[in-house]
Amino acid sequence: MSEILVLVEQVDGEVKKVTLELLTLARRLGTPAAVWAGPGYTPEAKAKLAEYGAETIYVAGSEEITGYVVAPKAEMLAQLVGEKSPAAVLVAATAEGKEVAGRLAVKTDSGVITDAVGLGDGFVAEQSIFGGGVNVQAKVSRGIPIVAVRPNSTAPEAAAGAGAEEEVSVSLSDAAKSARVVERVKQEKGARPELTEAAIVVSGGRGVGSAENFSVIEGLADALGAAVGASRAATDAGWYPHQFQVGQTGKTVSPQLYIAAGISGAIQHRAGMQTAKTIVAINKDPEAPIFELADYGVVGDLHQVVPQLTEEVDKRK
Numbered sequence: 001m002s003e004i005l006v007l008v009e010q011v012d013g014e015v016k017k018v019t020l021e022l023l024t025l026a027r028r029l030g031t032p033a034a035v036w037a038g039p040g041y042t043p044e045a046k047a048k049l050a051e052y053g054a055e056t057i058y059v060a061g062s063e064e065i066t067g068y069v070v071a072p073k074a075e076m077l078a079q080l081v082g083e084k085s086p087a088a089v090l091v092a093a094t095a096e097g098k099e100v101a102g103r104l105a106v107k108t109d110s111g112v113i114t115d116a117v118g119l120g121d122g123f124v125a126e127q128s129i130f131g132g133g134v135n136v137q138a139k140v141s142r143g144i145p146i147v148a149v150r151p152n153s154t155a156p157e158a159a160a161g162a163g164a165e166e167e168v169s170v171s172l173s174d175a176a177k178s179a180r181v182v183e184r185v186k187q188e189k190g191a192r193p194e195l196t197e198a199a200i201v202v203s204g205g206r207g208v209g210s211a212e213n214f215s216v217i218e219g220l221a222d223a224l225g226a227a228v229g230a231s232r233a234a235t236d237a238g239w240y241p242h243q244f245q246v247g248q249t250g251k252t253v254s255p256q257l258y259i260a261a262g263i264s265g266a267i268q269h270r271a272g273m274q275t276a277k278t279i280v281a282i283n284k285d286p287e288a289p290i291f292e293l294a295d296y297g298v299v300g301d302l303h304q305v306v307p308q309l310t311e312e313v314d315k316r317k
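Numbered per the UniProt record's numbering, the sequence shown spans residues 1 to 317.
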């Protein structure tokens, strides 16, 4: 089967969940080959990539790859595309991933599809557009398909691959070195799981009422071992940081359980969470659109319902 390149998303050597999703997709359509960009490659990283199907791991470990902004990754992938002639290139549809995809498409004279939520035979991509209201299919008609896939759109499935390593040496152009990274500020990781990778997410919206009242949402999240999310209305009001916004202009999540408390369910929010396996809505308005999407709904004041739910969860621990 033809080789499919998968650009690895990693932080300090820790492989991100979206990479495992991309390897799962690639395995269904060809032979997955992971591409590691920059320093930090470890035996643990190799084991994780091989566990999810990477037959080959191309390691470009030069610090130059991550010492400049975006462009070196595109040049490195373009070099691999020229040498290996893969069937496709998959990247995560993050802000950086989509820019890498666009630059790579220009360098290889290929078509690019962004924000795919699925990928089928012939590299036909599924996309959810107009805030999740319409699903379409798209296919690259020129060059090698370059597809940026939304995180959490595919469940990662382990299937052992060979994980054969191959060192990659990249010669960067002067243009790729035009924007240097001069400082990185590491955000301290809290006790809660990362929002886009959490199995359970508890989100609050306009109905929470204030920043102080978000402690109710956090209490339930901590009882469940969940991540905390927020609607755009809540983050725009300054009640919760924007980095926790779930929705079309925020983050896309696809947990096993999503609890929406005080969220009306506007299309903007639904686009970011509608692929959750089980959705529970808590809202005092029985006509709220979120109930159309929910598997289970509670009509009531979240300030009464959520503390009771938290108490019951604590009792069962």
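Heads up, the beta-carbon is just placed ideally off N, CA and C, and yes, glycines get one too. Note that the structure is predicted; figures quoted are calculated from it, not measured.
Answer yes or no: do Leu172 and Pro72 have a C-beta to C-beta separation smaller than 9 Å?
In the sequence shown, the residue the question calls residue 172 occupies position 172. In the sequence shown, the residue the question calls residue 72 occupies position 72. Going by C-beta atoms, Leu172 is nearer than 9 Å to Pro72.
Expressed to the nearest angstrom, what Euclidean distance is found between the alpha-carbon atoms of Gly297 and Ile282?
Here residue 297 is taken as the residue at index 297 of the sequence shown, counted from 1. Here residue 282 is taken as the residue at index 282 of the sequence shown, counted from 1. Approximately 6 Å, taken between the alpha carbons.
Does Gln308 pass the burial test, meaning 16 or more other C-beta atoms within 10 Å, or should it be called exposed?
Residue mapping note: residue 308 aligns to position 308 of the sequence shown, counting from 1. That one is exposed.
If you run the structure through DSSP and keep just helix, strand and coil, what is Pro4?
Start at 1 with the first residue of the sequence shown, and residue 4 comes out as number 4. Here residue 4 is Ile; the residue named in the question, Pro, does not match the sequence. Strand, per DSSP.
Who are Gly229's beta bridge partners in DSSP?
Position 229 of the sequence shown holds residue 229. Ser203, per the DSSP bridge assignment.
Could you tell me the boundaries of the alpha helix (DSSP H) in which Ala105 lies?
Here residue 105 refers to the residue found at position 105 of the sequence shown. That run of the alpha helix (DSSP H) goes 95-108.
Out of curiosity, what's the CA-to-CA distance linking Met76 and Phe291?
On the sequence shown, residue 76 is found 76 positions in, with the first residue counted as 1. On the sequence shown, residue 291 is found 291 positions in, with the first residue counted as 1. Taking the straight line from one Cα to the other gives about 47 Å.
So Ala116 and Ala125 are supposed to be a Cβ contact under 8 Å. How far apart are they, rounded?
Counting from 1 along the sequence shown, the entry for residue 116 is found at position 116. Counting from 1 along the sequence shown, the entry for residue 125 is found at position 125. Yes, Ala116 and Ala125 are in contact; Cβ-Cβ is about 4 Å, under 8 Å.
Here's a check: name, in chain order, each residue in its chain whose Cβ is nearer than 6 Å to the Cβ of Ser2, leaving out the five neighbours to either side.
Here residue 2 corresponds to residue number 2 of the sequence shown, with the count starting at 1. Around Ser2: Gly30, Ala87.
For Lys317, does the three-state DSSP call read helix, strand or coil?
Your numbering for residue 317 matches position 317 in the sequence shown. Coil at Lys317, not helix or strand.
Runs of beta strand (DSSP E) lying entirely within the segment 20-53, each at least 3 residues, in chain order:
31-37
Out of Pro193, Gly250, Gly219, which has the shortest C-alpha to C-alpha gap to Lys17?
On the sequence shown, position 17 is the one that residue 17 refers to. The residue among Pro193, Gly250, Gly219 with its C-alpha nearest the C-alpha of Lys17 is Pro193.
Within 9 Å, strictly: CB atoms of Ser178 and Gly205
Here the question's residue 178 lines up with position 178 in the sequence shown. Here the question's residue 205 lines up with position 205 in the sequence shown. In this structure, Ser178 keeps its C-beta atom at 9 Å or more from the C-beta atom of Gly205.
Boundaries of the alpha helix (DSSP H) in which Thr66 is found, first to last residue:
Here residue 66 corresponds to residue number 66 of the sequence shown, with the count starting at 1. Its alpha helix (DSSP H) spans residues 64-67.
At what residues does the alpha helix (DSSP H) containing Gln274 begin and finish?
In the sequence shown, residue 274 corresponds to position 274, counting from 1. Taken as a continuous stretch (DSSP letters only), Gln274 belongs to no alpha helix (DSSP H), as it is neither H nor E.
Taking one C-beta from the segment 137-152 and one from the segment 35-55 each time, how about it: are there three or more such pairs within less than 8 Å?
no
Leaving aside the five residues before and after Val246 along the sequence, list all residues of the same chain whose C-beta is less than 8 Å from its C-beta, in chain order.
Looking up residue 246 in the sequence shown gives position 246. These residues qualify, in order along the chain: Leu195, Val201, Ser203, Gly229, Ala230, Ser231, Thr252, Val253, His269, Gly272, Met273.
Alpha carbons only, please: which of Arg28, Pro43, Leu25, Thr19 is nearest the one belonging to Val35?
Residue 35 sits at position 35 when you count from the first residue of the sequence shown. It is Thr19.
Using only the alpha-carbon positions, how far apart do Trp239 and Gln304 sit?
As a first step, residue 239 is located in the sequence shown; it is residue number 239 there, counting from the start. As a first step, residue 304 is located in the sequence shown; it is residue number 304 there, counting from the start. Answer to the nearest angstrom: the Cα atoms are 19 Å apart.
Measuring only the C-alpha atoms, how far is Arg184 from Gly300?
Your numbering for residue 184 matches position 184 in the sequence shown. Your numbering for residue 300 matches position 300 in the sequence shown. C-alpha separation (whole angstroms): 45 Å.
What residues match up with Ile113 in a beta bridge as DSSP calls it?
In the sequence shown, counting from the first residue as 1, residue 113 sits at position 113. Val147, per the DSSP bridge assignment.
Buried or exposed, going by whether 16 or more other CB atoms sit within 10 Å of the CB of Glu55?
Translated into the one-based positions of the sequence shown, residue 55 becomes position 55. That one is buried.
Beta-carbon gap between Leu220 and Ala227 smaller than 9 Å
As a first step, residue 220 is located in the sequence shown; it is residue number 220 there, counting from the start. As a first step, residue 227 is located in the sequence shown; it is residue number 227 there, counting from the start. No, the Cβ-Cβ distance between Leu220 and Ala227 is not below 9 Å.
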